[in-house]
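Colleague:
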Amino acid sequence: MTTIANLKDLVTQNVRSSGIAFAFIVIVGMFAFMTDGRLLSPGNLSNLVLQYSYILILAIGMLIVIVGGHIDLSVGSVVALTGAIAAVVVVREGFPWWVGVLAAVATGLLIGMWQGFWVAYVGIPAFIVTLAGMLLFRGLTLLVLDNMSLSPFPGEYGQIGRGFLNGLLGGYGYDTLTLVIFGIAVAGYAVASYRNRRAKLSYNQDVEAIWLFAAKVVLVAAVVMWFAWQLATSRGLPIVLIVLAALIIAYTMITKHSIFGRHVYAIGGNLAAAQLSGVRVKRVNFLIFLNMGFLASIAGIVFSSRSNAAQPGAGEMFELDAIAACFIGGAAVTGGIGTIPGAMIGGLIMAVMSNGMSLLGVDQSVQQVVKGLVLLLAVGFDIWNKKRSGARAS
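Numbering-wise, this note's numbering comes out as the position in the sequence shown, counting from 1, plus 10.
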């Protein structure tokens, strides 16, 4: 009975996150079966990382925007404009690749400041400001590029979105460095989980049974190391995966343990209460959009690097993919709820569905229909979960 109770508590402690994880497992299993294992092949997993990393980067920033009670419709255009600026600086003007990176990041920060000013200090709703930004920055992209693609980037710039670390520590038929880095990550996860469990116990909070905790850590470690082996036997460790992992770790810490992160959740959860508590709402909202501009510039660099070109039509629909990743990953439509890991799982669900349907030869129009239905179901589940929680509270 105790075992069943522990398992039930693990699932019902957070219906939203456990439901997302279960859905991800089911979708991966379904497409792996339907594609005869091609979905999980080493080469395809490497391609998945390269193809969808910029959407996951955008989803990190979008999650913070949504938790704060806003929305950003301009990120696709910002991706295009920052990539265009990098191309003009590096390809057309001949500056070193790192100058193009700095120029793109500076452009993203300026855009974030521009939109943050209108939202935070003028008081225009983010939906309107970023809708205007979507049009404005797309038009600027066309002007900067003269409505033409600009390529190719030098090899060093291309390594950001297409490069791999392979062979630095040797290995026969596999890359040792990849396994070492993932092994360190797994050890870090195990230590952090154990410390978190001990901290809860010290405050007399409920925790799962020790055997269930150990089983969860072992299962996560096994999945992560299997993924590492697949990469190690393909082309090694993608450089963009290192960038993405660093951003996930940093922003998970920011959202969970920083004053800024707590204030974002407070504003999204209850704006009036946040104001009465002394939260500097205007400043926080400004920083939310400044951060989104920064992350959109990183995504723009990664996308232009992978494409080896800056294109006028780059980034189209990226904002919708990022928003969908957040909502599928458990973010609340009304703000105040959502996590970086949840948004990453939501993005991976979108990535697996797109990649799996492409492997099966499904028409692009049908793919859009499926994605739309999945997003609708995810938001519907969020609303149902809220009503269920409200009914229990009453």
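For glycine and all other residues, C-beta sits at the position ideal for the given N, C-alpha and C.
M72 lies in the alpha helix (DSSP H); which residues open and close that run?
Modeller: 52 to 77
Colleague: State the start and end residues of the unbroken alpha helix (DSSP H) segment that holds T406.
Modeller: What is shown of the chain runs 11 to 404, which leaves residue 406 out entirely.
Colleague: Considering only their Cβ atoms, is the gap separating W107 from Y167 smaller than 8 Å?
Modeller: yes
Colleague: Can you give the Cα-Cα distance for P322 and L150, rounded to whole angstroms?
Modeller: 10 Å
Colleague: Count the other CB atoms within 10 Å of the CB of F32; is the residue buried (16 or more) or exposed (fewer)?
Modeller: exposed
Colleague: What does a CB cutoff of less than 6 Å around A94 pick up in its chain, not counting 5 residues either side in sequence?
Modeller: So the list reads T151, V154, L155, A320, once near-sequence residues are dropped.
Colleague: Fully enclosed by the region 285 to 373, which alpha helix (DSSP H) runs are 4 residues long or longer?
Modeller: 291 to 317, 328 to 338, 350 to 369
Colleague: What three-state label does DSSP hand F174 in the structure shown?
Modeller: Correct three-state label for F174: strand.
Colleague: Expressed to the nearest angstrom, what Euclidean distance is found between the alpha-carbon atoms of A97 and G122?
Modeller: A97 and G122: Cα-Cα distance of roughly 20 Å.
Colleague: Measuring straight from C-alpha to C-alpha, what distance separates M11 and E218?
Modeller: With a pLDDT of 43 at M11, under the threshold of 50, the modelled position of that residue is not reliable, and the figure given next carries that caveat. Each residue's alpha carbon lies about 14 Å from the other.
Colleague: Could you check the C-alpha separation between L251 and A284 for me, to the nearest Å?
Modeller: 36 Å
Colleague: Is the region 263 to 271 touching the region 196 to 215 in the sense that three or more CB pairs, one from each, lie closer than 8 Å?
Modeller: no
Colleague: If you measure between the beta carbons of L178 and L187, is that distance less than 8 Å?
Modeller: yes
Colleague: Opposite L247 in the DSSP bridges: which residues?
Modeller: L175
Colleague: Quick one: Cα of G345 to Cα of G279, how far?
Modeller: 6 Å
Colleague: In this structure, how does DSSP classify L83 when only helix, strand and coil are distinguished?
Modeller: coil
Colleague: Could you check whether the Cβ of S317 sits closer than 8 Å to any Cβ belonging to chain B?
Modeller: Chain labels in this structure do not include chain B; a single protein chain is all it has.
Colleague: Can you check the region 103 to 186 for any alpha helix (DSSP H) of at least 4 residues that lies completely inside it and give the ranges in chain order?
Modeller: 107 to 126, 136 to 155, 165 to 172
Colleague: In this structure, how does DSSP classify A260 when only helix, strand and coil are distinguished?
Modeller: helix
Colleague: Out of T140, A114, T349, point me to the one whose CA is closest to I308's CA.
Modeller: Per the Cα distances, A114.
Colleague: According to the neighbour-count rule (16 or more other Cβ atoms, all chains shown, within 10 Å of its Cβ), is A202 buried or exposed?
Modeller: exposed
Colleague: Do M144 and L370 have their beta-carbon atoms positioned less than 8 Å apart in this structure?
Modeller: no
Colleague: Of the residues I359, Y62, P351, G310, which one's Cα is nearest the Cα of V112?
Modeller: Looking at the sequence provided, one finds Leu at residue 112 rather than Val. Residue G310 is the option with its Cα nearest to L112.
Colleague: Tell me, please, whether the region 372 to 386 touches the region 41 to 59 by the rule of three or more beta-carbon pairs shorter than 8 Å.
Modeller: no
Colleague: Go through its chain and collect everything with a Cβ distance to L387's Cβ below 6 Å, but skip five positions before and after it.
Modeller: none
Colleague: On the three-state DSSP scale, how would you describe Q377?
Modeller: helix
Colleague: Straight-line CA distance for V101 to S159?
Modeller: 11 Å
Colleague: With DSSP as the reference, label Q240 as helix, strand or coil.
Modeller: helix
Colleague: So, is N295 buried or exposed, given that buried needs 16 or more other C-beta atoms within 10 angstroms?
Modeller: buried
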